[in-house]
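Residue numbers (this note's numbering): 35 to 345.
The C-beta atom is built at its ideal place from N, Cα and C for all residues, glycine as well.
Have a look at the structure below, then the notes.
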Amino acid sequence: MHDIIAPSLAAFITTFILTPVLAERMYRAGFRGIDLHKEIKKEIPEQGGIAIVAGFFSGLIVFSFLEGIKPDIIIISLVALAVAGIGFYDRIKRLSAREKVISLTLAGIPLIFIAQPTFMGVNIGLIYYISLPVLFMFTCNFTNMLAGLNGLEIGVGAISSSGIAALAYIKGEEISLVLALVLALSLIAFLRYNSYPARVFPGDVGTLFIGSVLFSSIIVGKFELEGMIVLIPYVLDALLKLVSAGVMVKESQKPTLIRQGRLYAPENSNFSLVRLFLRIKPMSERQVVFLIYTISAVFAIAGIGLEHLLT
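Have a look at this one:
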């Protein structure tokens, strides 16, 4: 438990240094996206999430050097790499919804080999093993969906991973702690370049990767219930989108309207966590992102509070 500072610093420094270099190269390579929620649309480099992945694995390499190679970390690393690869490939080839569901579910199957089939102390056996890859797929998709504003997906990911790290620390789960904390520090470093006004976007390679590591941290730490509480903002956002519009691709959504620096939800558009608040009151991009941060922090604290009640 004492050897987590060096891996966390390695993750932060690697991501912080690599992000601007990678952003420039991605821009030159044509990986660009439009910053939609600005009155003046600018092209921003995408696929910056590769720096998050690199920072995360630099942290795990340092941890393995200090503590030795752990089988659980090897499996989780392979799963996370597969998910990052799916995210990168999706940016190039645009996977269909069905292809993404299948590929992410398959990527989560190796987690079965490190999972204990219990929920709140009850052995549910085969049900646990069958549902695990499916829930993994949902988590990756949900962290990919709560996105679109400068700093939103990265900040919420940093808050959620910090909450998971706190849970792991309380329960004395070393592997879960290092996974979540290394991710949190990587995201905090990346946020320096992704917060308003964003200079780089993470892309699917980053947003899907966040879900992969969050889910793996919860599973290996055996605090599924508390972890579910931390992830509620992602679930709420996904449910709002599903109920209001069903399964849809990003390109088919009506863009959020911008007037005099404030965001407005378009009429007769699908719901989301962001648009739910914009329907109540138009806000600036910074304001709505801060509001979602606050909600994420509340649920992270609630998950930690539940752990204290259960112990």
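Using 10 angstroms around the beta-carbon of residue i, count the other beta-carbons present and answer buried if the total reaches 16, otherwise exposed.
{"i": "Asn302", "result": "exposed"}
{"i": "Val168", "result": "exposed"}
{"i": "His342", "result": "exposed"}
{"i": "Met154", "result": "exposed"}
{"i": "Asp238", "result": "buried"}
{"i": "Asp271", "result": "buried"}
{"i": "Arg59", "result": "exposed"}
{"i": "Thr53", "result": "buried"}
{"i": "Ile78", "result": "buried"}
{"i": "Leu112", "result": "exposed"}
{"i": "Asp124", "result": "buried"}
{"i": "Leu273", "result": "exposed"}
{"i": "Val332", "result": "exposed"}
{"i": "Lys134", "result": "buried"}
{"i": "Leu344", "result": "exposed"}
{"i": "Ala299", "result": "buried"}
{"i": "Arg309", "result": "buried"}
{"i": "Asn228", "result": "buried"}
{"i": "Thr328", "result": "exposed"}
{"i": "Leu70", "result": "exposed"}
{"i": "Ala131", "result": "exposed"}
{"i": "Asn157", "result": "exposed"}
Going by DSSP, what residue range makes up the beta strand (DSSP E) through residue i?
{"i": "Gly89", "result": "Element bounds for Gly89: not the beta strand (DSSP E) but the alpha helix (DSSP H), 83 to 101."}
{"i": "Leu291", "result": "291 to 293"}
{"i": "Arg66", "result": "66 to 68"}
{"i": "Leu297", "result": "296 to 298"}
Under 8 Å by Cβ, that's how I've got residue i and residue j pegged, so tell me the actual separation to the nearest angstrom.
{"i": "Ser318", "j": "Leu297", "result": "7 Å"}
{"i": "Phe65", "j": "Gln81", "result": "5 Å"}
{"i": "Leu180", "j": "Leu307", "result": "7 Å"}
{"i": "Phe357", "j": "Gly67", "result": "With the chain covering only 35 through 345, there is no way to say anything about residue 357."}
{"i": "Phe50", "j": "Arg233", "result": "In fact, because the Cβ distance is near 13 Å, the residues do not count as touching under 8 Å."}
{"i": "Val254", "j": "Ile198", "result": "The pair is not a contact, with the Cβ atoms about 11 Å apart (cut-off 8 Å)."}
{"i": "Val216", "j": "Leu94", "result": "6 Å"}
{"i": "Tyr337", "j": "Ile263", "result": "For the sequence presented, residue 337 should be read as Gly rather than Tyr. With 8 Å as the limit, Gly337 and Ile263 qualify as a contact, their Cβ atoms being about 4 Å apart."}
What residue does the alpha helix (DSSP H) around residue i start on, and which one ends it?
{"i": "Glu80", "result": "No alpha helix (DSSP H) holds Glu80; DSSP gives it neither H nor E."}
{"i": "Leu325", "result": "319 to 344"}
{"i": "Ile63", "result": "As written in the sequence, residue 63 is Ala, which differs from the Ile given in the question. First-last for Ala63: undefined, no H or E at that position."}
{"i": "Ile161", "result": "160 to 179"}
{"i": "Ile314", "result": "307 to 314"}
Taking residue i as the reference, which of the options has the closest Cα?
{"i": "Arg293", "options": "Ala40, Glu58, Lys72", "result": "Lys72"}
{"i": "Lys76", "options": "Ala214, Tyr61, Ile136, Ser195", "result": "Tyr61"}
{"i": "Ile110", "options": "Ile244, Phe176, Tyr230, Gly121", "result": "Ile244"}
{"i": "Glu187", "options": "Ala202, Ala214, Glu208, Phe224", "result": "Phe224"}
{"i": "Leu166", "options": "Ala202, Thr177, Leu140", "result": "Leu140"}
{"i": "Ile175", "options": "Leu56, Arg226, Ile120, Ala214", "result": "With the sequence shown as reference, residue 175 is identified as Asn, and Ile is not the correct amino acid for it. Nearest of Leu56, Arg226, Ile120, Ala214 to Asn175, Cα basis: Ile120."}
{"i": "Gly185", "options": "Val156, Ser250, Lys275, Thr241", "result": "Thr241"}
{"i": "Tyr162", "options": "Ala334, Glu258, Ala57, Ile338", "result": "Glu258"}
{"i": "Ser42", "options": "Pro231, Arg313, Ser196", "result": "Ser196"}
{"i": "Ile148", "options": "Ala279, Phe249, Ile338, Val323", "result": "Phe249"}
{"i": "Pro231", "options": "Ala279, Gln321, Ser98", "result": "Gln321"}
{"i": "Ser194", "options": "Leu100, Val254, Gly142, Glu260", "result": "Glu260"}
{"i": "Ala353", "options": "Ile84, Phe324, Ala57", "result": "Outside the shown range of the chain (35 to 345) lies residue 353, about which nothing can therefore be said."}
{"i": "Ser246", "options": "Ile74, Leu145, Gly93, Phe97", "result": "Leu145"}
{"i": "Ala200", "options": "Thr48, Ile74, Val55, Ala334", "result": "Ala334"}
{"i": "Ser251", "options": "Lys205, Ile314, Gly89", "result": "Lys205"}
Discussion item. Could you tell me which whole alpha helix (DSSP H) segments of length 4 or greater appear in the stretch 192 to 274?
Written reply: 208 to 228, 237 to 255, 258 to 264
Worksheet item: Taking only runs of the alpha helix (DSSP H) that begin and end inside the stretch 118 to 156, which ones reach a length of at least 4 residues, in chain order?
Response: 131 to 142
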